[in-house]
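Quick notes on the structure that follows.
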Amino acid sequence: MVSLMAEDDKNGVGVDQERFVEAKLDFIGSAYGRQSDAYIDMLGTSSIALQDHRPWLAMAYRQRQIEARLARDEAPEALLSERLAMANLLLEAGEYARLAVYTDGMVSDLARLSEEQLAEKDWLMPATHRIRARGRRQMNAADTRQTYEKALDVLFIHGDRERAETLLLDLLDTTYMDLALRLAQAMHKEGDRNTGAALARIAAREGHLQEAADITQSSIDALRRQSMDNGNTAGETSESALLLSAMSIQKAAYLEAMGKTEEAAVIRNGLPPLPGTETETEIDWYGIRELRDYGAYDAAAYLARGMLGKAAEMRQRGTCQDAQSLWQLAYTFARADNQEQAFPLMLRAAEIASGHSYDNIESSGGGSLELLRRDKWRYLLFVDIAWGAVSGQKPQEMAVLSRY
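The following block contains the structure:
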């Protein structure tokens, strides 16, 4: 695939990126036509390449792709995959009103598909209903619960593990704990390891801290059995040993919240020292984020300490991607009420991002000012963390879930 980035681009923005893409599209359009497969595929490729750094420009290319296919008399329901990609862009950019209209149209078109057509792309149903519900939740719409109920019903008919995980993470960011519990229990029965953390968090949010501690202990026992079944005599830096320590930290946090400080201290004092940056090679960053977003905040923050060596490099290097990673790391510590670690990470992330947000502003749409527009919620998160650091009070709710 031809790179869409200028060679001198170090931060993913690319000074001449837009002009380069347009020139390539003009060439393909002139040579093959603006309804050709080559032209339409290039629009889709361009949208994907730009989505992280120029989200509104990425939406413009995706819309042009859809319009080009409609112009050659393709039915709207044949474009549902491309329309789902557009819906994801609208969600990530915070265009919730547009998203509501857009996904309503998709749901209407999905309803017209035959059983045979649905069977070919059954993943579209749960994905579309989930995005529709998430958009409603972001707008505090009156029918948010009903759309999540529908999304859950559709998931049980057409879904898979990946769709289930995404919907559960969404539900954990709502007040609909009965729906979250229903899905988490179903996933747990299927052997999904991380749902133990979600079940414990749901119990804790309902005020059942002892139940949360007991569920966490069950997860610890399951990890030990799995380790033994695999013949693992794990050392301190192995994945299983690190996860066991992390989940023990989580149990201690639930016990401490109940006032059982001595019991919590015994657990913490009995753990081996956490390795340094070697942790990154054993527990990947995605795994830490997954634990955090499932509700094991203290476990995730314990493991994230092993990322601090890498964070020092990010703070010095200062690319757009480094800002995103530092935000995630700060959010992880903030969720565990470690404002001392979270605040400087968030401060540096904001400094990096605000600087890059004024790069290339002469291009259409304000260039990378699109980043500032899209990531406005991250600056609200910075306010949450700053307030916690200054006041010494634990932020009760972060601004938004990290994935958005």
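Count along the sequence shown from 1, add 4, and you get the number used in our numbering.
Backbone N, C-alpha and C fix where the C-beta goes; we use that ideal spot for every residue, glycine too.
For R58, which of helix, strand or coil comes out of DSSP?
coil
Alpha carbons only, please: which of R38, L103, Y258 and T178 is nearest the one belonging to A201?
Y258
Distance, Cα to Cα, A337 vs A75?
The identity of residue 337 in the sequence shown is Phe, whereas the question assumes Ala. In a straight line, the C-alpha of F337 is about 50 Å away from that of A75.
Rounded to whole angstroms, what is the Cα-Cα separation between A393 and P277?
Their Cα atoms are separated by approximately 26 Å.
DSSP on M129, reduced to helix/strand/coil?
helix
Going straight from the alpha carbon of R66 to that of G48, what length do you get?
6 Å
G239 to L349, Cα distance in whole Å?
Per-residue confidence for G239 stands at a pLDDT of 43, beneath the threshold of 50, marking its modelled position as unreliable; no derived number is given.
Just to confirm my understanding: we take A97, look at its own chain, exclude 5 residues before and 5 after, and list those with CB closer than 6 Å. What are they?
Excluding sequence neighbours, A97 sits near P59 and R378.
Only counting the same chain, and skipping five residues up and downstream in sequence, which positions put a Cβ closer than 7 Å to that of L187?
L156, A168, L171, L172 and L175
Within 10 angstroms of the Cβ of M232, are there 16 or more other Cβ atoms? Answer buried if so, exposed if not.
exposed
Between which two residues does the alpha helix (DSSP H) containing T336 stretch?
C324 to R339
Am I right that T220 and M251 are in contact with their C-beta atoms under 8 Å? What's the rounded C-beta distance?
6 Å
Under a Cβ-count criterion, where at least 16 other Cβ atoms within 10 Å of its own Cβ denotes burial, should D302 be classed as buried or exposed?
buried
I need the straight-line Cα distance from R296 to L95, nearest angstrom please.
21 Å
Name the residue from A91, M311, D164 and S118 whose alpha carbon lies nearest to the alpha carbon of R140.
With distances taken between CA atoms, R140 lies nearest to A91 out of A91, M311, D164 and S118.
Would you call L384 buried or exposed, if buried means 16 or more other Cβ atoms sit within 10 Å of its Cβ?
Exposed is the call here.
With DSSP as the reference, label R38 as helix, strand or coil.
coil
Determine the closest residue to E86 out of C324, H192, E22 and L128, with distance taken between C-alpha atoms.
Measuring from the Cα of E86, the nearest candidate turns out to be L128.
Starting from E96, follow the alpha helix (DSSP H) in both directions and report where the run begins and ends.
L84 to A97
Look at the alpha carbon of R23 and the alpha carbon of Q69, and state the distance between them as a whole number of angstroms.
18 Å
Go ahead and label M318 buried or exposed: buried means 16 or more other beta carbons lie within 10 angstroms of its beta carbon, across all protein chains shown.
buried
Where does T178 sit, in a helix, a strand or coil, going by DSSP?
In the structure shown, T178 sits in coil (DSSP, three-state: anything other than H, G, I, E or B).
Out of curiosity, what's the CA-to-CA distance linking D388 and F347?
10 Å
Name the residue from Q345, A208, G291 and G322 whose alpha carbon lies nearest to the alpha carbon of L312.
Q345
Alpha carbons only, please: which of Q325, E194 and V270 is nearest the one belonging to A357?
Nearest option by C-alpha distance: Q325.
Would you call the CB atoms of S242 and L275 closer than 8 Å?
no
Taking just the CA atoms, how far does E71 sit from Q343?
48 Å
Using C-beta distances below 6 Å, list every residue in its chain close to A82, excluding the 5 sequence neighbours before and after it, in chain order.
No residues qualify anywhere along the chain.
Given this structure, state the Cα-to-Cα distance separating E124 from S112, to the nearest angstrom.
18 Å
Assign I44 to one of two classes, buried (16 or more other C-beta atoms within 10 Å of its C-beta) or exposed (fewer than that).
buried
Tell whether a beta-carbon distance below 8 Å holds between A315 and L330.
yes
Using only the alpha-carbon positions, how far apart do D177 and L88 sit?
Taking the Cα positions, D177 is about 22 Å away from L88.
Taking 6 Å as the limit between beta carbons, can you name the residues of its chain near E215, skipping five residues before and five after?
A207
Let me know if T265 comes out buried or exposed under the rule of 16 or more other beta-carbons within 10 Å of its beta-carbon.
exposed
Considering only the beta carbon of each residue, do T179 and R136 sit closer than 8 Å?
no
Hey, would you say R228 sits closer than 8 Å to Y298, going by beta carbons?
No.
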